[in-house]
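Asker:
Residue numbers (this note's numbering): 457 to 608.
(1) Can you name the start and end residues of the alpha helix (DSSP H) that residue 522 belongs to?
(2) Taking 6 Å as the limit between beta carbons, can you name the residues of its chain near residue 496, skipping five residues before and five after?
(3) Return helix, strand or coil for residue 573, following the three-state DSSP convention.
(4) Using 10 angstroms around the beta-carbon of residue 461, count the other beta-carbons present and answer buried if the total reaches 16, otherwise exposed.
(5) At a cut of 8 Å, does the stretch 530 to 544 reach the stretch 572 to 580 through at least three beta carbon pairs?
(6) At 3 residues or longer, what runs of the beta strand (DSSP E) sit wholly inside the stretch 477 to 502?
(7) Relative to the C-alpha of residue 494, which candidate in 477, 556, 572 and 580 has its C-alpha closest?
(8) Please name the residue or residues paired with residue 532 in a DSSP beta bridge.
(9) When the Cβ atoms of the stretch 546 to 554 are set against those of the stretch 515 to 533, are three or more pairs found closer than 8 Å?
(10) Please classify residue 521 as buried or exposed, where buried requires at least 16 neighbouring CB atoms within 10 angstroms.
(11) Could you check if residue 511 is buried or exposed, using at least 16 other CB atoms within 10 Å of its CB as the buried criterion?
(12) Per DSSP, residue 461 forms a beta bridge with which residues?
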């Protein structure tokens, strides 16, 4: 089962190479933090501020390629957590068929924000990463030196 999330906030920390994106349950209280790289953070922030770059950036380019191939992005799914690394998928539809494409979560989220599609996190990942509301671990610690797709 997957839980729909919405972008709650993005923490851009100029002194670090990585930034924190927080997704919040649409119909709940859990907050899902994920570390993302500077390029993805800037792409998401730019989109949220309504700024369109004069030329397509990476995520806009990918969205355009998908569209030109007569496919449509249906949603983004953060589906797994293995060895401290998140795994995501772009869920596409083409000719009535669903296609799942492996992606880094940071790229998937940036693309999802660019094309305004729902973002989901699997229940098993949420249970592993998000403590119950009100617990002492409302915001689990994250090692900011890890790659952009690692929670700790």
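Beta carbons: idealized from backbone N, C-alpha and C, even for Gly.
Answerer: With the structure as the only source:
(1) As a first step, residue 522 must be located in the chain shown, where it is residue number 66. Unbroken alpha helix (DSSP H) run through residue 522: 514 to 524.
(2) The count along the chain shown starts at 1 and reaches residue 496 at position 40. Correct list, in chain order: 562 and 566.
(3) Taking the chain shown and counting its residues from 1, one reaches residue 573 at position 117. Coil at residue 573, not helix or strand.
(4) As a working note, residue 461 is residue 5 in the chain shown. Looking at its Cβ environment, which holds 16 or more other Cβ atoms inside 10 Å, residue 461 is buried.
(5) yes
(6) 487 to 492
(7) The residue given as residue 494 occupies position 38 in the chain shown. Checked all of 477, 556, 572 and 580; the closest Cα to residue 494 is 477.
(8) Taking the chain shown and counting its residues from 1, one reaches residue 532 at position 76. Per DSSP, 546 and 575.
(9) yes
(10) What you label residue 521 is simply residue 65 of the chain shown in a count that begins at 1. Looking at its Cβ environment, which holds fewer than 16 other Cβ atoms inside 10 Å, residue 521 is exposed.
(11) As a position in the chain shown, residue 511 is number 55, starting the count at 1. Answer is exposed; the Cβ neighbour count stays below 16.
(12) As a working note, residue 461 is residue 5 in the chain shown. Bridge partners of residue 461: 481 and 575.
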